[in-house]
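Undergrad: Structure provided below as structure tokens; questions to follow.
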Amino acid sequence: MVDPIELNDALERLQAFLDGADLDGAVDFLRTLHPADSAELIAELEPEQQGAVVDLLQAPELAEVFEQLDEEDMADVAQHLDVEMLADVLDEMEPDMAADLLAELEPEQAAEVLEQMEEPADVAALMTYAPDTAGGIMTAAPPSLRRFWTVTESIRFLRLHYAEEEDFFALYVLDRHARLIGLVDLKALILAEPEQTVEEIMDRTVISVRATADQEEVAQLLQRYDLVSLPVVDDEERLIGIVTIDDVVDVIEEEATEDIYHLAQMSPDSEIYSPILEAVRNRLPWLVVNLGTAFLAATVVTHFESTIAQAAVLAAFMPIVAGQGGNAGTQTMTIMVRSLALKEIAPRDTFWALWHEARVGVINGLTMGILVALIAGFWQHSPYLGLVLGLAMLSNFTIAAMAGVVVPMILKVTRVDPALASGIFVTAFTDIFGFLVFLGLATYFLQYLA
Numbered sequence: 003m004v005d006p007i008e009l010n011d012a013l014e015r016l017q018a019f020l021d022g023a024d025l026d027g028a029v030d031f032l033r034t035l036h037p038a039d040s041a042e043l044i045a046e047l048e049p050e051q052q053g054a055v056v057d058l059l060q061a062p063e064l065a066e067v068f069e070q071l072d073e074e075d076m077a078d079v080a081q082h083l084d085v086e087m088l089a090d091v092l093d094e095m096e097p098d099m100a101a102d103l104l105a106e107l108e109p110e111q112a113a114e115v116l117e118q119m120e121e122p123a124d125v126a127a128l129m130t131y132a133p134d135t136a137g138g139i140m141t142a143a144p145p146s147l148r149r150f151w152t153v154t155e156s157i158r159f160l161r162l163h164y165a166e167e168e169d170f171f172a173l174y175v176l177d178r179h180a181r182l183i184g185l186v187d188l189k190a191l192i193l194a195e196p197e198q199t200v201e202e203i204m205d206r207t208v209i210s211v212r213a214t215a216d217q218e219e220v221a222q223l224l225q226r227y228d229l230v231s232l233p234v235v236d237d238e239e240r241l242i243g244i245v246t247i248d249d250v251v252d253v254i255e256e257e258a259t260e261d262i263y264h265l266a267q268m269s270p271d272s273e274i275y276s277p278i279l280e281a282v283r284n285r286l287p288w289l290v291v292n293l294g295t296a297f298l299a300a301t302v303v304t305h306f307e308s309t310i311a312q313a314a315v316l317a318a319f320m321p322i323v324a325g326q327g328g329n330a331g332t333q334t335m336t337i338m339v340r341s342l343a344l345k346e347i348a349p350r351d352t353f354w355a356l357w358h359e360a361r362v363g364v365i366n367g368l369t370m371g372i373l374v375a376l377i378a379g380f381w382q383h384s385p386y387l388g389l390v391l392g393l394a395m396l397s398n399f400t401i402a403a404m405a406g407v408v409v410p411m412i413l414k415v416t417r418v419d420p421a422l423a424s425g426i427f428v429t430a431f432t433d434i435f436g437f438l439v440f441l442g443l444a445t446y447f448l449q450y451l452a
């Protein structure tokens, strides 16, 4: 049994071995840990220390460690291995993980490692698919059944081909052309009569996915149908691999991180300690775009300079109108981006989404408008100021709700990631129209405000 560890304490202990030049002690300590913990500790070491530790680990041990690292860390650790040793490690790894590692290497180095591997075929086949597709995250197809086999023959086949399988997800049934035609539950196979055929007990309604499908679609299918594995087929319905639930956990984290970063107009590769120039390059372009939309809002304000000059108190309330409208727009936009990503809605649903969110915007705007009107009216002893603020708040909340629906939908139709650009345009709408409505109403009621 391997108990969970406190990683900081474990790193200090490992560092103590290394500071004392006790490499054997460091490696023996790593061997007492779960591979996931060993992988995280090795990833935290300095390059020289990584190389010293890796040199003392065997290929099967390194394979377990590599399978727990992300692609970038795998590539970093792999640089400490010669081609022959790296090929031995990849032979011990699951084909999909080996393909991920090779994709991080220089093409010449990857080709050299593949040439040294004993069983490169499965790995090479996976590398033909884009990394963010079903084909890119799948592993090799498992040994499969034939429909005319009896239960007795099938069980004999499983004992022969699944003797060393760690994961036993599903039994797929293929026809003579290797096309996927059914699925057999292990429980059904055990309880069936020995002379029954696979065709009699198999389920013909098999959910599968094309190799070119986006990895996010794969994750959604596994979640929707509570699957632990999903078969991947080619254009002729031939089984070419499977995606398992552990592969999809990483995909879900990756996609969630990507969407969060996109909402902030940042690169998905951004990290807290990424190089300064890289961090600036990832963030600065969208800040420039934001600056452009901010100047548009400022241009609106300049058209009301005389109004603000005669009623300077308006300047104090402008951020409230714009800020609250921006918050409301972000709420709607976030729900829309998530719903589009999960395929809960599509562009054809724009009218109903607008109808729903417009009503929410009106109710929220009316509530916040009355509240702000009362506060401003009593604070500044001006019921007309309260009226202007209340009407502006109601208008901007309604505009924000509509922009939060329309902008992501338009971006989706134009094949631009809604998570990437929605925030900028929704904020621009709420700022520009918020100022326009607020200052326009103030100009109309100026004789009562000045």
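If you're matching positions, the sequence shown starts at 3 in the numbering used here and goes up one per residue.
Even for Gly, the Cβ is constructed at its ideal location relative to N, Cα and C.
This structure is a prediction, so every number in the text was calculated from the model and none was measured.
Going by C-alpha to C-alpha distance, which of Asp-84, Glu-106 and Ala-123 sits closest to Asp-72?
TA: When only C-alpha atoms are compared, the closest one is Glu-106.
Undergrad: Can the beta-carbon of Val-200 be found closer than 9 Å to that of Val-235?
TA: Cβ distance not < 9 Å, so Val-200 and Val-235 don't count as in contact.
Undergrad: Classify Tyr-174 as helix, strand or coil using the three-state DSSP reduction.
TA: In the structure shown, Tyr-174 sits in a strand (DSSP, three-state: E or B).
Undergrad: Under the criterion of a Cβ to heavy atom distance below 8 Å, does Pro-97 qualify as lining the ligand NAD?
TA: Absence of the ligand NAD from the depicted structure is noted, as is the absence of any ligand whatsoever, leaving it without description.
Undergrad: Less than 9 Å separating the beta-carbons of Leu-128 and Ser-146?
TA: No; because the gap between Cβ atoms is not below 9 Å, this pair is not in contact.
Undergrad: Any idea what DSSP makes of Val-234, helix, strand or coil?
TA: Three-state result, Val-234: strand.
Undergrad: Hey, would you say Ala-194 sits closer than 9 Å to Val-153, going by beta carbons?
TA: Taking 9 Å as the Cβ cut-off, Ala-194 and Val-153 qualify as a contacting pair.
Undergrad: Candidates Glu-307, Asp-216 and Met-76: which alpha carbon is nearest Gln-52's?
TA: Checked all of Glu-307, Asp-216 and Met-76; the closest Cα to Gln-52 is Met-76.
Undergrad: Below 8 Å, can you find three or more Cβ-Cβ pairs linking the region 105–122 to the region 54–67?
TA: The answer is no - the region 54–67 does not touch the region 105–122, with fewer than three Cβ pairs under 8 Å.
Undergrad: Pick from Asp-84, Ser-156 and Asp-237: whose alpha carbon is nearest that of Gly-137?
TA: Cα-wise, what sits closest to Gly-137 is Asp-237.
Undergrad: Pro-426 to Thr-445, Cα distance in whole Å?
TA: It should be noted that the sequence gives Ile, not Pro, for residue 426. Ile-426 and Thr-445: Cα-Cα distance of roughly 28 Å.
Undergrad: Spell out a yes or no on whether the region 381–390 and the region 399–412 are touching, meaning 3 or more CB-CB pairs, one atom from each, closer than 8 Å.
TA: No: fewer than three Cβ pairs fall under 8 Å.
Undergrad: Buried or exposed: which applies to Val-29, given that a residue is buried once 16 or more other Cβ atoms fall within 10 Å of its Cβ?
TA: So Val-29 ends up on the buried side.
Undergrad: For Val-211, which residues of its own chain have a beta-carbon under 8 Å away from its beta-carbon, when the five flanking residues on both sides are left out?
TA: Counting only Cβ-Cβ distances below 8 Å, and skipping sequence neighbours, we find Ala-136, Glu-219, Val-220, Leu-223, Leu-232, Pro-233, Val-234, Val-235 and Val-245.
Undergrad: Alpha carbon to alpha carbon, what distance is there between Ala-101 and Val-56?
TA: Going from the Cα of Val-56 to the Cα of Ala-101 covers about 20 Å.
Undergrad: List, from N- to C-terminal side, the beta strand (DSSP E) runs of 3 residues or more that fit wholly inside the region 169–227.
TA: The region 169–227 contains these whole beta strand (DSSP E) runs: 173–176 and 182–186.
Undergrad: Would you say Phe-420 and Val-291 are within 9 Å of each other, going by their C-beta atoms?
TA: It is Pro, not Phe, that sits at residue 420 in the sequence shown. Not closer than 9 Å, so no.
Undergrad: Quick one: residues in its chain with C-beta nearer than 6 Å to the C-beta of Met-99, no 5 flanking neighbours on either side, listed in chain order?
TA: The answer, listed in chain order, is Glu-69.
Undergrad: Buried or exposed: which applies to Gly-243, given that a residue is buried once 16 or more other Cβ atoms fall within 10 Å of its Cβ?
TA: Its Cβ being crowded by 16 or more others within 10 Å, Gly-243 is buried.
Undergrad: Among Glu-94, Leu-356, Leu-104 and Pro-321, whose alpha-carbon lies nearest the alpha-carbon of Met-395?
TA: Among Glu-94, Leu-356, Leu-104 and Pro-321, the Cα nearest to that of Met-395 is on Pro-321.
Undergrad: Taking Cβ positions, are Ile-247 and Val-230 nearer each other than 9 Å?
TA: A contact, by the Cβ cut-off of 9 Å.
Undergrad: Could you round the C-beta distance between Gly-460 and Thr-334 to whole angstroms and report it? I think they count as a contact, below 8 Å.
TA: The question about residue 460 has no answer, for the chain in this structure spans 3 to 452.
Undergrad: Quick one: grab the DSSP three-state call for Val-472.
TA: Given that the chain is displayed from residue 3 to residue 452, the structure contains no residue 472 and the question cannot be resolved.
Undergrad: Quick one: is Thr-97 buried, meaning 16 or more other Cβ sit within 10 Å of its Cβ, or exposed?
TA: According to the sequence displayed, residue 97 carries Pro and not Thr. Buried.
Undergrad: What residue range is occupied by the uninterrupted beta strand (DSSP E) comprising Gly-243?
TA: Where Gly-243 is concerned, the enclosing beta strand (DSSP E) stretches over 241–246.
Undergrad: If you measure between the beta carbons of Met-140 and Asp-216, is that distance less than 9 Å?
TA: Not a contact, by the Cβ cut-off of 9 Å.
Undergrad: Determine, using beta-carbon pairs with one atom in the region 299–307 and one in the region 177–197, whether at least three such pairs fall under 8 Å.
TA: Not touching, per the Cβ criterion.
Undergrad: Compare the C-alpha of Val-362 against each of Leu-298, Val-374 and Gly-331 and name the closest.
TA: Nearest of Leu-298, Val-374 and Gly-331 to Val-362, Cα basis: Gly-331.
Undergrad: Among Val-282, Glu-114, Gly-328 and Thr-309, which residue has its Cα nearest to the Cα of Ala-296?
TA: Among Val-282, Glu-114, Gly-328 and Thr-309, the Cα nearest to that of Ala-296 belongs to Gly-328.
Undergrad: How many angstroms separate the CA atom of Ile-157 from the CA atom of Trp-357?
TA: Looking at the two C-alpha atoms, the distance is approximately 58 Å.
Undergrad: Rounded to whole angstroms, what's the CA-CA distance from Arg-15 to His-36? Just pull it up for me.
TA: Distance between the alpha carbons of Arg-15 and His-36 is about 15 Å.
Undergrad: Identify whether Thr-416 lies in helix, strand or coil by the three-state DSSP scheme.
TA: Residue state, collapsed to three classes: coil.
Undergrad: Compute the Euclidean distance between the alpha carbons of Leu-342 and Leu-413, then round it to the nearest angstrom.
TA: Looking at the two C-alpha atoms, the distance is approximately 11 Å.
Undergrad: Between the alpha carbons of Glu-155 and Glu-202, how many angstroms are there, rounded?
TA: Each residue's Cα considered, the two are about 14 Å apart.
Undergrad: Where does Leu-396 fall in DSSP's three states?
TA: Helix, per DSSP.
Undergrad: Can you tell me which of Glu-108, Pro-410 and Phe-437 puts its alpha carbon nearest to the alpha carbon of Ala-299?
TA: Here the closest residue by C-alpha is Phe-437.
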